[in-house]
Ligand code: AHR
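In the numbering used here, the protein residues as written are 145 to 807.
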């Protein structure tokens, strides 16, 4: 996969960059690069991703199921389903109806009974997740678990419709006998439709019981049946993430403990995974999403598989017995904590345990993955704060490390970047020797620029930092994808030079949130936006990608006038060596609205005749990318190195990556 769109012809605006000649007005900066190793390794986990089911990221997003409320389990069991009246039906109002039945003893409680009085007239229509995305010439697997009742219903016709109810695909399932059976058919679409529907009609009269009505594209990631949406996983893959943190975020905690994420309920047959309301469903009145549920089709087995596919270390986060403190703050008493702790211990065994000798390892093998998932990290709680968290963390820590001393535990410093809760969390956690402390900050671009030195003063002997959720929030208000503008991304790039410069303290970092559906988002900005057919990468995505793909293996020092570059003269920089590829990589961020010239001065940098230069910039700070129009993308150039001098232009408001061989 070609990651960057390579420019062959240099556009006029980049003429001075491409040729290496400085623009006349640019100020000159002499940057000293120290080729002696700092002894600081860049961890393979330095740049990762954080996946949470927010903004329709799982159902209707990464999880490629196209039918909303496929098992009639939503609080309103027919939500997402309509029984439109045809002209014939209005004349014959009794032509059919749907009734929901419920069995409280099962995890998949509900099924629907269709009563059909007029052959081929009654219709049941599913609207999908804000519509169903259908691609011309693509194949779809339609299925349902059905049981014939009274009468003579002999067939179900499934049709995919466009926005005007024109049929673009059709398949018929013959119903053979009574009893619950899975029926399936392959459908091929004749048109591309962004907001299609599925319509079911019935041949004969009588009753038919239905459950798990499902439609999947065949073209999923790695072609897996019932799998993940290919373009979205590809975007993650192209980031080469060092880790994937999942499944949240606040959905780990739940608004109440009953609504928390419980991994054991998310594995095994998808039909038996008991769904719950997604906490983002009602979190924000201004972005209410009453049809937002978690079916757990994307469950822990799928998360581990995804991590393996991406070559990323899995980092599951578990509830520590505290519901979201912004909501109820419901607490499991210390004497009630055992099941929560046991979930953590069992999860480690599920991921790593011997498939023959351990209960949970055996289950993993039965689910199709006898090899271990090589879990090394586990998170205890998400954004908890105060003494209740410390008490619970201590119990988890003791239990996990007495059985699995090799596992690194990620603890949390709460939702704020500083202040009372943050200070208290750090002070108390340090006493418990955690390996990693997670920090979260959603702040203005100015804050990110001013905090590039945030970690310079952190203790080198204490816990390591996981910058687990961060994003620059440009402007205020609620204007969705527009918040993912260049101003925000550039400030994140400047800040990230500070993460990298402190790679001996910061071992993991991830932007948040990761995904957002353009018609059903609750939180913005987000790294990747998608609709039912397409997705696009934001400028922040490309910043993340440039750092991740150029993380190197060893930190170098780069300075101007003997000082780390943390915004003096509006320049930020970090540098690394890649010992395997024998490359030096320098990242320079110019937040000024003036071009700059940089001369790199280094002893023992035996450079060749050319270097690669990748530039990410935009015409205006409020510029964004959008569907089919990614204006802000990295552009890679080759630049000559003349007389062993590295001399190059750093355009106004840009991130520049210089890469050259060393001997
Ligand atoms: O990323 C969105 C939310 O921000 C996360 O769920 C939570 O951890 C933080 O408050």
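Cβ atoms here follow ideal geometry from the backbone N, Cα and C, with glycine treated the same way.
Keep in mind it's a predicted model, so treat the numbers as computed, not measured.
Can you grab the Cα-Cα spacing for the pair residue i / residue j, in whole Å?
| i | j | result |
| --- | --- | --- |
| residue 781 | residue 800 | 11 angstroms |
| residue 417 | residue 691 | 38 angstroms |
| residue 142 | residue 645 | The requested residue 142 does not occur in the structure, where the chain is confined to residues 145 to 807. |
| residue 682 | residue 494 | 36 angstroms |
| residue 488 | residue 529 | 20 angstroms |
| residue 207 | residue 414 | 12 angstroms |
| residue 689 | residue 637 | 11 angstroms |
| residue 659 | residue 241 | 38 angstroms |
| residue 670 | residue 753 | 40 angstroms |
| residue 405 | residue 732 | 41 angstroms |
| residue 629 | residue 768 | 5 angstroms |
| residue 333 | residue 198 | 30 angstroms |
| residue 394 | residue 566 | 17 angstroms |
| residue 279 | residue 209 | 14 angstroms |
| residue 475 | residue 463 | 11 angstroms |
| residue 547 | residue 485 | 12 angstroms |
| residue 166 | residue 715 | Its pLDDT being 46, under 50, residue 166 is placed unreliably by the model, and the measurement read from it follows with that caveat. Each residue's Cα considered, the two are about 16 angstroms apart. |
| residue 820 | residue 748 | Residue 820 lies beyond the range of the chain shown here (145 to 807); nothing can be said about it. |
Under the criterion of a Cβ to heavy atom distance below 8 angstroms, does residue i qualify as lining the ligand AHR?
| i | result |
| --- | --- |
| residue 460 | no |
| residue 667 | yes |
| residue 527 | yes |
| residue 198 | yes |
| residue 584 | yes |
| residue 429 | no |
| residue 464 | no |
| residue 367 | no |
| residue 656 | yes |
| residue 636 | no |
| residue 613 | yes |
| residue 651 | no |
| residue 323 | no |
| residue 395 | yes |
| residue 392 | yes |
| residue 559 | yes |
Between residue i and residue j, which are expected to be in contact by the criterion C-beta below 8 angstroms, what is the C-beta distance as a whole number of angstroms?
| i | j | result |
| --- | --- | --- |
| residue 116 | residue 537 | Examination of residue 116 is not possible in this model, given that the chain is present from 145 through 807 alone. |
| residue 679 | residue 379 | 6 angstroms |
| residue 304 | residue 342 | 6 angstroms |
| residue 459 | residue 372 | Not really, about 18 angstroms apart at Cβ, beyond 8 angstroms. |
| residue 203 | residue 438 | 7 angstroms |
| residue 724 | residue 697 | 6 angstroms |
| residue 289 | residue 356 | 5 angstroms |
For the candidate residues the options, whose alpha-carbon lies nearest to that of residue i?
| i | options | result |
| --- | --- | --- |
| residue 786 | 751, 465, 655 | 751 |
| residue 806 | 727, 244, 334, 607 | 727 |
| residue 779 | 656, 706, 687 | 687 |
| residue 212 | 224, 220, 219 | 224 |
| residue 291 | 338, 506, 322 | 322 |
| residue 765 | 238, 790, 635 | 635 |
| residue 294 | 349, 285, 315 | 349 |
| residue 498 | 516, 484, 510, 181 | 516 |
| residue 219 | 246, 173, 364, 551 | 246 |
| residue 298 | 403, 543, 730, 320 | 320 |
| residue 398 | 421, 566, 784, 171 | 421 |
| residue 649 | 598, 731, 569 | 598 |
| residue 677 | 596, 376, 747 | 376 |
| residue 520 | 717, 258, 448 | 448 |
| residue 215 | 192, 244, 201 | 244 |
| residue 316 | 308, 324, 347, 336 | 347 |
In three-state terms, what does DSSP make of residue i?
| i | result |
| --- | --- |
| residue 800 | strand |
| residue 529 | coil |
| residue 648 | coil |
| residue 587 | strand |
| residue 538 | helix |
| residue 784 | strand |
| residue 438 | strand |
| residue 268 | strand |
| residue 380 | helix |
| residue 626 | helix |
| residue 789 | strand |
| residue 423 | helix |
| residue 661 | strand |
| residue 294 | strand |
| residue 460 | strand |
| residue 501 | coil |
| residue 325 | strand |
Does at least one heavy atom of the ligand ATP sit under 8 angstroms from the Cβ of residue i?
| i | result |
| --- | --- |
| residue 563 | Of the ligands this structure carries, namely the ligand AHR, none is the ligand ATP. |
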